[in-house]
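Here our numbering is used: position 431 in the sequence shown is 647, and no number is missing along the way. Yeah, the Cβ is synthetic: ideal placement off N, Cα and C, and Gly gets one too. Everything below concerns the one structure shown next.
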Amino acid sequence: MKKRKDLDRFYHEKRSEKHLRRLSRYRKDKSRKKRAKFFETRDEMTTQLRKEGHYISQLVTGSDAPSRGHLDKSSGMLSTEIRLPQVFSIIDNPEESIQVFKGLEPALYDTDVEWAGVRHSDICEHDLAAEILLGRIGKYCMDLHSAHGKSFEIKGNYPSQDCLARKVKTIGLVKALEVDGEKIDDDAAEAEKIVLFHKRGAKEDSIRIGSLDSKTRATQGFVDHINDCLMEADYQLTEDASQELVEYVGEILANAQEHSGTGEWEIYGYLDKQNEERMCEAVIYNFGNTISDTFDQLPEDDYARGSLNKYIAQHENKALFGKNWDKDSLTTLFALQGRVSSKNSEDDSTRGQGTVDLIEFFQMISEEGNKRGGEHAKMCILSGHNHIRFDGKYRLVESRGQPIIAFNRENNLSLPPDPNYVKKLKKAYFPGTLIAIQFILPDTATEELEND
């Protein structure tokens, strides 16, 4: 018979073993749940990244071909580097600016690539659109590697000009990557005399009664943003100018929701009040169908498709198409004309007027900017391989009751446009539609506030 102490020791050991088994089961169960939650989160992230990755891949590679859609370990590279051009601008230097994104391609497909170097030091001209796209690609690379349990970081330097460096920190690459100690947060932007606006939206299945959809909120917020830019100088938009902005921004966002295929869009506004010219920048873009894609999907008996086919036939009969001007380019230009929309059903339809309002507003800004002797206002539309640039040289003119801008001296869509303004980007591709604007707010679009 066991002694008392031996029994106590025996039962203590048994209880300890039972407790340890229970603790082990608890820890395994907790670890299993944590692991399941991790993979569930990772799967959700991977699904979102896969969707975004298709478009990011097309943008980086400069091709509309399907993306490879997976990571591999074939390159053996640990790092990659890109040096941004002196003119890093989607408006003024689109092809070269987009081509540099290709330097980040290894990070899209190789998990061994640990970091990328991005050199801003050579930049002397810089626009908001180029920096936003660079930030979007950089952020995607970091999220993608993280989803696969890998680390990835981006290193670099700033432009030498203070105003360009502030843009990188406030709304560009540094901001997109959330670099601690370097980014300028929204709260700090006011102290830096920077006025920011950014909204992201998507098509909503349902809207609560009495509430506004994201498109309407963004449109109204953008107009408020422009007025905020003017308040320090005691200016504000006139009612007419405000209404024009509401109309064209609203129509553009509606087009993105209806025609892009994804229903998603982003809109940005930026003003550095330390810039004496009060140069405002705005960018609206969406990934998805290009302008040409939208028209190609229309049935042959569609009204808008029929109108376009007449011009295509004229160009084919005159052998006007070539390497730098093709059906895709003509379709994109045709879509800008007054009362042209893929939703049109008759020749007196009012659809498509949003693009006309945008061009009219831009032309007014450009005219006033030229009178004041300041820098000209500029705008571009980028979709697929097509880039169309506006600076006021070519005008929107009424022709047989329809506003036309053909970008040639004759203002005739039956003739090819000026290749300096309507370009085919052979080595660059944007998977969707992007509109970028730079303008100095003019006197005719603003009015001075009365001092009480």
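Going along the chain, which residues of its own chain have a beta-carbon closer than 7 Å to the beta-carbon of residue i, five neighbours each way excluded?
i	result
E296	Glu is not the amino acid found at residue 296; the sequence shown has Thr there. Result list for T296: G319, L320, P322, A323, V329, A332, in chain order.
A346	F304, S305, I306, S313
N309	P301, V303
H361	T327, S367, F368
If distances are taken between C-alpha atoms only, which option among the options comes closest to residue i?
i	options	result
N628	R611, H414, K639, K640	R611
K371	K355, L360, N443	K355
F606	K489, Y637, R225	Y637
L350	D280, T327, S273	S273
Y501	I653, F578, N443	I653
Q315	L536, G388, V276, R494	V276
M447	W541, A472, K489	K489
I348	L389, K594, V334	L389
K640	L546, A529, R382, K594	L546
L294	D326, S279, K267, F317	D326
G554	E626, S367, V613, D359	V613
N505	Q530, A472, G365, F577	A472
Taking the alpha-carbon positions, what's the residue i to residue j distance?
i	j	result
K609	A363	48 Å
D378	S337	12 Å
E455	A434	18 Å
E474	L650	15 Å
V499	A418	16 Å
H441	F655	14 Å
Y484	L344	9 Å
A392	A470	26 Å
M580	P301	31 Å
S508	D544	6 Å
L265	G437	28 Å
D429	R416	12 Å
I236	R299	Here the sequence assigns Leu to residue 236, which means Ile is not the residue at that position. Their backbone Cα atoms lie some 58 Å apart in a straight line.
D518	I575	26 Å
K234	Y271	55 Å
R352	S232	55 Å
R494	K594	14 Å
H531	E626	15 Å
K431	F413	14 Å
S240	K267	40 Å
I528	K534	10 Å
T263	R243	30 Å
E311	D359	26 Å
V384	G538	39 Å
With a threshold of 8 Å on Cβ separation, who are the neighbours of residue i within its own chain once the five nearest residues in sequence on each side are excluded?
i	result
L380	H336, I339, H342, Y374
D573	E460, E463, Y464, E467
P635	N540, W541
N491	C379
R279	At residue 279 the sequence reads Ser, which differs from the Arg that was named. Cβ neighbours of S279 beyond the five flanking positions: Y645.
V439	L453, S458, L461, V462, V465
C357	L320, A323, L324, A332, F368, I370
Can you look up residue i in the DSSP assignment and give me helix, strand or coil?
i	result
L549	helix
N443	helix
F334	Residue 334 is actually Val in this sequence, not Phe. Strand.
R231	helix
V465	helix
L300	coil
C379	helix
I307	coil
E497	strand
K534	coil
Y527	helix
C340	coil
N505	coil
I656	strand
P670	The question about residue 670 has no answer here: the residues shown for the chain are numbered 217 through 668.
Can you name, in chain order, every residue of its own chain whose Cβ lies under 6 Å from the Cβ of residue i, other than the five neighbours on each side?
i	result
L487	V411, C445, C496
L631	N624
G365	none
L536	P632
Got a sec: is the Cβ-Cβ distance from residue i to anything in chain B below 8 Å?
i	result
L629	The chain labelled as chain B is not found in the depicted structure, where only one protein chain is given.
Quiz item: Taking contact to mean at least 3 C-beta pairs separated by less than 8 Å, is the stretch 602-621 in contact with the stretch 479-493?
Solution: no
Exercise. Decide yes or no for the touch test of the stretch 535-555 against the stretch 507-524: beta carbon pairs closer than 8 Å, at least 3 of them.
Key: yes
Quiz item: Taking three-plus beta-carbon pairs below 8 Å as touching, is the stretch 593-601 in contact with the stretch 638-648?
Solution: yes
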